[in-house]
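A.B. asks: The structure is given below, and queries will be raised subsequently.
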Amino acid sequence: MAEESANNEDVELVARAQSGDPAGFDALVVKYSPRLYGLVYNMTHNHDDTNDLLQEIFAKAYRSIAGFRGKSSFYTWIHSIAVNMSINFLKKRNRRPQMSLDDEESGLQNNRDLVEMTTSNDPVREADLAELQQRLNEAMMKLSHDHRAVVTMFDIQGMPHAEIAKILGISEGTVRSRLFYAHRQLQNFLEEFRQ
Amino acid sequence: MHENEESQLSQLLRMRRHQAPPPEYFENFLREFQERQRAELLRRPAWRIALERLGTRMNESYHALFGPFSPAHLSYAGASVAVLAIAAVYTTNMLQHPGGASGIAANRPLSLDAPQQLENAVALHRQSAPVSLDAYGDLGSQRSFELLQRASRFEFTPEQVLALQRDRRTAAPTTPTRQHPHYILDARPATYEPPVSF
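Heads up: the protein sequence lines correspond to chains A and B, in order.
The C-terminal position of the first sequence is numbered 194 in numbering that gives the first Met the number 0, with every residue numbered one higher than the one before it.
The C-terminal position of the second sequence is numbered 197 in numbering that gives the first Met the number 0, with every residue numbered one higher than the one before it.
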């Protein structure tokens, strides 16, 4: 019900944007930028890159909004643009000289789970967790772009398989298979750290 | 053990769900987006802006003229009308010329019935051959000369026509541009001379 209401709201905002009302598109930017930030950031692991990419993603969506016919939801459409542009960006970045990706101290906050777990007055556990997260970052960056996109959408953003399949334009079976392979790779990386 | 690891991995990944920049980042983000959009508009070349304005005006005029019909509808209708018009023209041509195109008639074998056709055949021979009627004599082709004289008096026999054709075929390689015979002569060629009277 809530999902349907959100979708109706999107339809109305898209119609406003298509009729030339910039406030309609601004409302969509406000609504989707936090979620898309999470998606892009977990793909790039760099705040500045995420910021630039997010600007480009919304600029592209704005240019293409007139052609959006509503065959999929706006949510799916904008996520498709974001994933494709992020993957293209990563391909280009891989060709450039390697840059620092340890961007964890860039002011990210509001991690409620992390706050709960790290305020346990257990310095050893706290250190372990921070180390584990650091290892997980490295492990994520070793995944292929396609696998990283699937893990980001499923495990981090909590999207269902069917939605991911629609966004990536692949079957649900392929989504599950990519997830299985990516999880196994991540576990192997973390296992090395535990030993 | 395996499930435990899987669960730990999921937990670690889920923690990232709430990672976000401070709220003011998103306020600035929208402002930055609007500024970029405006800057992009200003950077656009004049011809593109003019083109867009023209497009908008045409769109408005179009809606004023055709109302609810979309350009796609009209383009389908236009394409259908064009196909029907071509089909109608083709059918009319077919009805007016049931024997087919002139190219087909041109490939038909020579008939020996009518004197006019024989005359045409002789004219064709003179045109196709590399030399004129006079030149036949110059070259000493007595046989060709005789044949042509007879042709001018419509005295061809089928064997003579075949001989003429053979003669023409032997001359053909020197005139590669004259591949296909045609039967319509507007006027007599300049090289034509009346037959010698005996």
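Note that beta-carbon positions come from the ideal geometry of N, C-alpha and C, so glycine has one too.
Computed from a prediction, not measured in an experiment: that's the story for all the values here.
Just to confirm the assignment, what range does the alpha helix (DSSP H) spanning S148(A) have?
C.D. replies: Mapped onto the first sequence, residue 148(A) falls at position 149. Sequence inspection shows Ala at residue 148(A); the Ser mentioned does not correspond to that position. Element bounds for A148(A): H144 to V150.
A.B. asks: Taking C-beta pairs closer than 7 Å, name the residues in chain B that N41(A) reaches, listed in chain order.
C.D. replies: Within the first sequence, the letter at position 42 stands for residue 41(A). The answer, in chain order, is R15.
A.B. asks: Would you say R56(B) lies against chain A (beta-carbon separation less than 8 Å)?
C.D. replies: Working through the second sequence from its first residue, we reach residue 56(B) at position 57. Judged by the 8 Å Cβ criterion, R56(B) is not in contact with chain A.
A.B. asks: Would you say R52(B) lies against chain A (beta-carbon separation less than 8 Å)?
C.D. replies: Position 53 of the second sequence, counted from the start, is the residue given in the question as residue 52(B). No, R52(B) lies away from the interface with chain A (no Cβ there is under 8 Å from its Cβ).
A.B. asks: Give a yes or no on whether 8 Å exceeds the smallest Cβ distance from E4(B) to chain A.
C.D. replies: Here the question's residue 4(B) lines up with position 5 in the second sequence. Answer yes: the Cβ-Cβ gap between E4(B) and chain A drops below 8 Å somewhere.
A.B. asks: Can you list the residues of chain B that S32(A) reaches, using a CB-CB cut of under 7 Å?
C.D. replies: Numbered from its first residue, the first sequence carries residue 32(A) at position 33. What S32(A) touches in chain B: F25 and F28.
A.B. asks: On the CB-based measure, 16 or more other CB atoms within 10 Å of its CB, does T49(A) come out buried or exposed?
C.D. replies: Walking along the first sequence from the start, residue 49(A) turns up at place 50. It is buried - the Cβ of T49(A) has at least 16 other Cβ atoms within 10 Å.
A.B. asks: Is the number of C-beta pairs between the stretch 63 to 78 of chain A and the stretch 47 to 61 of chain B that are closer than 8 Å three or more?
C.D. replies: Flag = no, the stretch 63 to 78 of chain A and the stretch 47 to 61 of chain B do not touch.
A.B. asks: Hey, is R35(B)'s beta-carbon within less than 8 Å of any beta-carbon in chain A?
C.D. replies: Within the second sequence, residue 35(B) is the residue found at index 36, counting from 1. At least one chain A Cβ lies under 8 Å of R35(B).
A.B. asks: For F153(A), which of L131(A), Q132(A), K141(A) and S176(A) has the nearest alpha-carbon?
C.D. replies: In the first sequence, counting from the first residue as 1, residue 153(A) sits at position 154. Selected option, being the one with the closest Cα: S176(A).
A.B. asks: Against chain B, does Y61(A) count as a neighbour if the rule is that its beta carbon must be under 8 Å from one of theirs?
C.D. replies: Within the first sequence, the letter at position 62 stands for residue 61(A). Y61(A) counts as touching chain B.
A.B. asks: Between Q18(B) and chain A, is there a C-beta pair that is closer than 8 Å?
C.D. replies: Position 19 of the second sequence, counting from 1, holds the residue named residue 18(B). Yes, contact with chain A.
A.B. asks: Cβ atoms of M42(A) and T151(A): under 8 Å apart, would you say?
C.D. replies: On the first sequence, residue 151(A) is found 152 positions in, with the first residue counted as 1. On the first sequence, residue 42(A) is found 43 positions in, with the first residue counted as 1. Taking 8 Å as the Cβ cut-off, T151(A) and M42(A) qualify as a contacting pair.
A.B. asks: Would you call the CB atoms of Y61(A) and Q36(B) closer than 8 Å?
C.D. replies: Sequence index remark: in the first sequence, residue 61(A) carries index 62 (1-based). Sequence index remark: in the second sequence, residue 36(B) carries index 37 (1-based). It is a contact, given that the beta carbons lie within the stated cut-off.
A.B. asks: Compare the beta carbon distance of G37(A) and Q18(B) with 8 Å and say whether it is the shorter of the two.
C.D. replies: Sequence index remark: in the first sequence, residue 37(A) carries index 38 (1-based). Sequence index remark: in the second sequence, residue 18(B) carries index 19 (1-based). Yes. Within cutoff.
A.B. asks: Taking buried to mean at least 16 other C-beta atoms within 10 Å of its own C-beta, is I85(B) buried or exposed?
C.D. replies: As a first step, residue 85(B) is located in the second sequence; it is residue number 86 there, counting from the start. Looking at its Cβ environment, which holds fewer than 16 other Cβ atoms inside 10 Å, I85(B) is exposed.
A.B. asks: The alpha helix (DSSP H) with Q36(B) in it runs from where to where?
C.D. replies: Position 37 of the second sequence, counted from the first residue, corresponds to residue 36(B). Segment P22 to R42, the alpha helix (DSSP H) holding Q36(B).
A.B. asks: So, do the stretch 1 to 11 of chain B and the stretch 2 to 14 of chain A have three or more beta carbon pairs nearer to each other than 8 Å?
C.D. replies: no
A.B. asks: So, does the CB of S60(B) fall closer than 8 Å to a CB anywhere in chain A?
C.D. replies: Taking the first residue of the second sequence as position 1, residue 60(B) is located at position 61. Not an interface residue.
A.B. asks: Pick out the complete alpha helix (DSSP H) segments inside the stretch 19 to 72 of chain A, 4 residues or longer, and give them in chain order.
C.D. replies: 21 to 43 and 46 to 63
A.B. asks: Could you tell me if R147(A) is buried or exposed, where buried requires 16 or more neighbouring beta carbons within 10 angstroms of its beta carbon?
C.D. replies: As a first step, residue 147(A) must be located in the first sequence, where it is residue number 148. It counts as buried.
A.B. asks: Starting from A161(A), follow the alpha helix (DSSP H) in both directions and report where the run begins and ends.
C.D. replies: The residue you call residue 161(A) lines up with position 162 of the first sequence. Unbroken alpha helix (DSSP H) run through A161(A): H160 to L167.
A.B. asks: With 16 other CB atoms within 10 Å as the buried threshold, where does I103(B) fall?
C.D. replies: Translated into positions along the second sequence, residue 103(B) becomes position 104. With a pLDDT of only 43 at I103(B), under 50, the local geometry of the prediction cannot be trusted, and no value is derived from it.
A.B. asks: Which value, in whole angstroms, describes the spacing of the CA atoms of H44(A) and L40(B)?
C.D. replies: On the first sequence, position 45 is the one that residue 44(A) refers to. On the second sequence, position 41 is the one that residue 40(B) refers to. Roughly 31 Å separates the two Cα atoms.
A.B. asks: Tell me which residues share the same chain as D9(A) and place their Cβ nearer than 6 Å to its Cβ, disregarding the 5 neighbours each side in the sequence.
C.D. replies: Working through the first sequence from its first residue, we reach residue 9(A) at position 10. If you ignore the 5 residues before and after D9(A), its C-beta comes within less than 6 Å of the C-beta of F73, all in its own chain and listed in chain order.
A.B. asks: Please classify M158(A) as buried or exposed, where buried requires at least 16 neighbouring CB atoms within 10 angstroms.
C.D. replies: Within the first sequence, the letter at position 159 stands for residue 158(A). When all chains shown are included, M158(A) counts as buried.
A.B. asks: Would you list, in chain order, the members of the stretch 53 to 84 of chain A that have their beta-carbon closer than 8 Å to a beta-carbon of chain B?
C.D. replies: L53, Q54, F57, A58 and Y61
A.B. asks: Could you give the distance in angstroms between the alpha-carbon of L128(A) and the alpha-carbon of L135(A)?
C.D. replies: Taking the first sequence and counting its residues from 1, the one referred to as residue 128(A) is at position 129. Taking the first sequence and counting its residues from 1, the one referred to as residue 135(A) is at position 136. Taking the straight line from one Cα to the other gives about 10 Å.
A.B. asks: If we count the other Cβ atoms within 10 Å of its Cβ and call it buried at 16 or more, is V174(A) buried or exposed?
C.D. replies: Numbered from its first residue, the first sequence carries residue 174(A) at position 175. With 16 or more other Cβ atoms within 10 Å, it is buried.
A.B. asks: Could you compute how far the alpha carbon of H46(A) sits from the alpha carbon of P20(B)?
C.D. replies: What you label residue 46(A) is simply residue 47 of the first sequence in a count that begins at 1. What you label residue 20(B) is simply residue 21 of the second sequence in a count that begins at 1. Distance between the alpha carbons of H46(A) and P20(B) is about 9 Å.
A.B. asks: Under 7 Å Cβ-Cβ, which residues of chain B neighbour L131(A)?
C.D. replies: Taking the first residue of the first sequence as 1, we reach residue 131(A) at position 132. Those are L11, listed as they occur along chain B.
A.B. asks: Straight-line CA distance for L131(A) to L189(A)?
C.D. replies: Position 132 of the first sequence, counted from the start, is the residue given in the question as residue 131(A). Position 190 of the first sequence, counted from the start, is the residue given in the question as residue 189(A). C-alpha separation (whole angstroms): 8 Å.
A.B. asks: Give me the chain A residues within the contact set of L40(B), using Cβ-Cβ distance strictly less than 7 Å, ordered along the chain.
C.D. replies: Residue numbering aside, residue 40(B) sits at position 41 when the second sequence is read from its first letter. Using a Cβ-Cβ cut-off of 7 Å, L40(B) is close to nothing in chain A; its nearest Cβ partner there is about 11 Å away.
A.B. asks: Just the C-alpha distance for K141(A) and S79(B), rounded to the nearest angstrom, thanks.
C.D. replies: As a first step, residue 141(A) is located in the first sequence; it is residue number 142 there, counting from the start. As a first step, residue 79(B) is located in the second sequence; it is residue number 80 there, counting from the start. Between K141(A) and S79(B), the alpha-carbon positions lie close to 56 Å from each other.
A.B. asks: Using a cut-off of 9 Å between C-beta atoms, extract the partners of Q195(A) located in chain B.
C.D. replies: Coverage of chain A is limited to positions 0 through 194, which leaves residue 195(A) absent and any answer about it impossible.
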